[in-house]
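Structure, as structure tokens:
Below, the structure is given as structure tokens:
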């Protein structure tokens, strides 16, 4: 079972690396006057805020959706959920300075929990 999980992490990591590379190159071309560091920071921020939580939120649908569909739909889903959650968590009184750290971690955890619950429900299959 651990080898199946490690294989899944390896495959998703490769896909995430490819998306990161493409996103970095696109941002490097779009902001060519700003430099490499600015493009790298923007690419990492977009990955952290939208792509990774979106991939993890839709990980349990990997048999129904292809990888790029999950990345695209998950990124849009993550953007929507993060925006709404940030608004309501801010209304509750949580400091806005920490939203970019805490909310993606919460979404990552929720995605992992849903994936593990869904795979356990199917009989432990990945």
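Numbering (the numbering used here), first residue to last: 794 to 919. Glycine included, C-beta positions come from ideal geometry on N, C-alpha and C.
DSSP state of residue i mapped onto helix, strand, coil
i           : result
residue 824 : coil
residue 800 : helix
residue 857 : coil
residue 833 : helix
residue 915 : coil
residue 888 : coil
residue 840 : helix
residue 816 : helix
residue 869 : helix
Test item: CB-CB of residue i and residue j under 8 Å
i           : j           : result
residue 832 : residue 842 : no
residue 815 : residue 853 : no
residue 809 : residue 848 : yes
residue 850 : residue 813 : no
residue 866 : residue 844 : no
residue 846 : residue 871 : yes
residue 899 : residue 892 : no
Sequence-distant residues of its chain with Cβ nearer than 6 Å to residue i (five each side left out)
i           : result
residue 875 : 896
residue 889 : 883
Close beta carbons around residue i, own chain, < 7 Å, minus the five adjacent residues each side
i           : result
residue 817 : 832, 833, 836
residue 805 : 848
Same chain only: Cβ atoms within 8 Å of residue i, ignoring 5 sequence neighbours per side
i           : result
residue 887 : 895
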